[in-house]
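Visitor:
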Amino acid sequence: MDKDRTKGKAKDVVGTAKETFGKATGDKETERSGKADQVEGKVQKGIGKVKDAFRNKK
478 MDKDRTKGKA KDVVGTAKET FGKATGDKET ERSGKADQVE GKVQKGIGKV KDAFRNKK
């Protein structure tokens, strides 16, 4: 598994936690930051999947 997939998943999980914390405390900035981290994590996971697909074709 590509390291981008692992790092992306971690960013996604951290983003979910930040979003939840932001909602619970009413902190809109933390909530938005968490959502942004989730998107960034999903993109990074996707990049890792593409890299894995190319490696597996060889």
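Under the numbering used here, the residue at position 5 of the sequence shown is numbered 482, and the numbers go up by one with no gaps. Just so you know, even glycine gets a beta-carbon here, dropped at the ideal spot from N, CA and C. This structure is a prediction, so every number in the text was calculated from the model and none was measured.
Counting C-beta neighbours from all protein chains within 10 Å, is the total for Glu506 16 or more, i.e. buried, or is it exposed?
Guide: So Glu506 ends up on the exposed side.
Visitor: Inspect the beta-carbon positions of Phe498 and Asp489 and report whether they are closer than 9 Å.
Guide: Contact: no.
Visitor: Is the beta carbon of Val520 sitting closer than 9 Å to the one on Gly485?
Guide: Yes, they are a contact pair.
Visitor: Should Gly511 be labelled buried (16 or more other beta-carbon atoms within 10 Å of its own) or exposed?
Guide: The residue in question, Gly511, is buried, as its Cβ has 16 or more Cβ neighbours within 10 Å.
Visitor: In angstroms, rounded to a whole number, what distance separates the CA positions of Val491 and Arg532?
Guide: Going by the C-alpha atoms only, they are around 28 Å apart.
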